[in-house]
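Student: Here the protein sequences line up with chains H and A, keeping their order. Terminal number for the first sequence in UniProt numbering: 204, no gaps in between. Terminal number for the second sequence in UniProt numbering: 204, no gaps in between. Glycine is no exception: its CB is placed at the ideal position from the N, C-alpha and C atoms. These numbers were taken from a predicted model, which means no experiment stands behind them.
There are 2 protein chains.
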Amino acid sequence: MPFKTGRAFLIMARTKDFDEEEVLRKAICIFWNKGYNGTSMQDLVDGLGISRSSMYDTFTDKHTLYVKSLERYQKAADEQVCNLIKSAPGAKAAIKRLLELTVNDLIGDDQQKGCFMVNAEIELASHDDCVKDVICRSVQQMEEAFYMAIVKGQQSGEIQTRQDARALARFISNTIKGLQVSAKSIKERAFFDDIIKTTLSVLD
Amino acid sequence: MPFKTGRAFLIMARTKDFDEEEVLRKAICIFWNKGYNGTSMQDLVDGLGISRSSMYDTFTDKHTLYVKSLERYQKAADEQVCNLIKSAPGAKAAIKRLLELTVNDLIGDDQQKGCFMVNAEIELASHDDCVKDVICRSVQQMEEAFYMAIVKGQQSGEIQTRQDARALARFISNTIKGLQVSAKSIKERAFFDDIIKTTLSVLD
DNA sequence: GACGTTTTGGAATACTCATTCCGAAATAAA
DNA sequence: TTTATTTCGGAATGAGTATTCCAAAACGTC
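(1) Is it the case that the Cβ atoms of I159/H and L101/H are separated by a distance below 8 Å?
(2) Let me know the secondary structure DSSP gives A183/H once reduced to three states.
(3) If the criterion is Cβ atoms closer than 8 Å, does the pair L48/A and M41/A meet it?
(4) Do you know how far the Cα of I28/A is from the Cα of K4/A?
(5) Determine the extent of the alpha helix (DSSP H) in which R137/H is found, giving its start and end residues.
(6) Any idea if K187/H is buried or exposed, counting beta-carbon neighbours within 10 angstroms, 16 or more meaning buried?
(7) The alpha helix (DSSP H) that contains C82/H, what's its start and end?
(8) Under a Cβ-count criterion, where at least 16 other Cβ atoms within 10 Å of its own Cβ denotes burial, should R170/H be classed as buried or exposed?
(9) What did DSSP end up calling Y56/A once you bin it into helix, strand or coil?
(10) With 8 Å as the threshold, decide whether the Cβ of L168/H is near any Cβ in chain A.
(11) Identify the contact partners of F146/H in chain A, using a Cβ-Cβ distance below 8 Å as the criterion.
(12) Among the candidates V151/A, N119/A and K96/A, whose CA atom is the shortest distance from the CA of A183/A?
(13) Roughly how many whole angstroms lie between the Cα atoms of H26/A and K113/A?
(14) Looking at the C-beta of C82/H, does it have a partner C-beta in chain A at a distance below 8 Å?
(15) Measuring CA to CA, which of L106/A, K152/A, C136/A and D57/A is closest to F191/H?
(16) Hey, out of G35/H, D109/H and L44/H, whose CA is closest to L24/H's CA?
(17) Going by alpha carbons, who is nearest to Q111/H out of T15/H, G35/H and R14/H?
(18) Can you pull the chain A neighbours of C29/H, defined as C-beta to C-beta under 8 Å?
(19) Taking all protein chains shown into account, do 16 or more other C-beta atoms lie within 10 angstroms of the C-beta of R14/H, making it buried, or fewer, making it exposed?
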């Protein structure tokens, strides 16, 4: 009972030694690298820098921590994409920059983690409804962001109108997913550049 | 010692109760559905229809069985693609049919297993050199099959020559990988049709 | 500084995992 | 049928798993 009755004054106790957000960032990296089934609670204890009890106390259990990590990653990724699209001079430039940045990040990662969202989709989407929901939200948001950018691009004449904007948005999303898979085993930039170049040609 | 010395006559013993190939087919399905880390030896004992000791006796251990399953799957998939390309009337028709067949298989699978090769690439390629080798061989063979078909298509004037054949082959491979990821959480045909349609438009 | 509460580290628990082992059953040739 | 050998089923092993528990340390308020 943290409150005293009568004169209601709070009795505080020991404060948390760690920053929950920072721990979550570390958890993301671990799950991202080794997957859900590939990560043990011991791995997390070793990597998060907090004790087992603090972990369970703060994040309930492994599954809850995983989903929370995934949601956090999804939110950050979505914001990044939206900001990039907003700040770019036009729709085509936005998509070009996004593809290039994605490949840069993928290639630059020595651990070859790929994309946390894609990794989760492959490992768990068909067996874990909770994870599936996060994935579907992410797919939806991504598609919608591309869709709106492409519609604008088509209105301004920057992007061809032979294909409808929805199809183009899905096509771009699909290309990105493919890149994120290949980055798991391939590191040669030329390989990715070929795909980016060909993909962008569809918009002309 | 199965051989007697002197007059070299073989002494035979009990024969295996199961067909190794058939067991391997079952193993493929189980690993394909649940992944390497998600599959326990108990799952395999239950699913393969042979005893634990027969499993270890025939396939050494879990990892060996997994790699053998993956190799078998890879070989069958490669043959299927090559046959399809050979039998199709032209390069463009071959690629179109391949994309459509792939999506049909993906959507038709109630378990939403996706592609065993892609699943393995995501789960293990960056941590398991043995698996990585199988993946890379598969990627290479697939790209090469597309490359040769596309070169022919370009020579016959069926496929545009603005992009080089290597880039187009990689682009098609990448599209397929994307589809195989999305099939893990999406089942609406329209979604996949949009991507196929847009992808094929690149060849015109 | 003392009290009441929370956090913390690490031991303890209960379970599942991959792998090994062993005795009994099966089989082909002698 | 006997013999030599292998397969087979299931129990046994030992390491690794997620989770719980507890006593001691930490801290804000009194």
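Tutor: The short version:
(1) Position 159 of the first sequence, counting from 1, holds the residue named residue 159/H. Position 101 of the first sequence, counting from 1, holds the residue named residue 101/H. Contact flag unset, no.
(2) Here the question's residue 183/H lines up with position 183 in the first sequence. If DSSP states are grouped into helix, strand and coil, A183/H belongs with coil.
(3) Position 48 of the second sequence, counting from 1, holds the residue named residue 48/A. Position 41 of the second sequence, counting from 1, holds the residue named residue 41/A. Their beta carbons are not under 8 Å apart, which means L48/A does not touch M41/A by this criterion.
(4) Counting from one through the second sequence, the residue named residue 4/A turns up at place 4. Counting from one through the second sequence, the residue named residue 28/A turns up at place 28. Unreliable positioning characterises K4/A in this predicted model, as indicated by a pLDDT of 38, which lies under 50. The coordinate reading is nonetheless provided below. In a straight line, the C-alpha of K4/A is about 39 Å away from that of I28/A.
(5) As a position in the first sequence, residue 137/H is number 137, starting the count at 1. That run of the alpha helix (DSSP H) goes D129 to Q155.
(6) Mapped onto the first sequence, residue 187/H falls at position 187. So K187/H ends up on the exposed side.
(7) As a working note, residue 82/H is residue 82 in the first sequence. That run of the alpha helix (DSSP H) goes K62 to S87.
(8) Position 170 of the first sequence, counted from the first residue, corresponds to residue 170/H. With 16 or more other Cβ atoms within 10 Å, it is buried.
(9) As a first step, residue 56/A must be located in the second sequence, where it is residue number 56. It is helical.
(10) Translated into positions along the first sequence, residue 168/H becomes position 168. Yes, its Cβ sits closer than 8 Å to a Cβ of chain A.
(11) In the first sequence, counting from the first residue as 1, residue 146/H sits at position 146. Neighbours of F146/H on chain A: none; closest Cβ ~12 Å, over 8 Å.
(12) Position 183 of the second sequence, counting from 1, holds the residue named residue 183/A. Closest option to A183/A, Cα to Cα, is N119/A.
(13) Position 26 of the second sequence, counted from the first residue, corresponds to residue 26/A. Position 113 of the second sequence, counted from the first residue, corresponds to residue 113/A. As written in the sequence, residue 26/A is Lys, which differs from the His given in the question. Each residue's alpha carbon lies about 14 Å from the other.
(14) The residue labelled residue 82/H in the question sits at position 82 within the first sequence. Closer than 8 Å: no.
(15) Taking the first residue of the first sequence as 1, we reach residue 191/H at position 191. Among L106/A, K152/A, C136/A and D57/A, the Cα nearest to that of F191/H belongs to C136/A.
(16) As a working note, residue 24/H is residue 24 in the first sequence. Cα-wise, what sits closest to L24/H is L44/H.
(17) Start at 1 with the first residue of the first sequence, and residue 111/H comes out as number 111. Comparing Cα-Cα distances from Q111/H to each of T15/H, G35/H and R14/H, the minimum goes to G35/H.
(18) Residue numbering aside, residue 29/H sits at position 29 when the first sequence is read from its first letter. Correct list: empty, because the minimum Cβ distance to chain A is about 14 Å.
(19) What you label residue 14/H is simply residue 14 of the first sequence in a count that begins at 1. Result: exposed.
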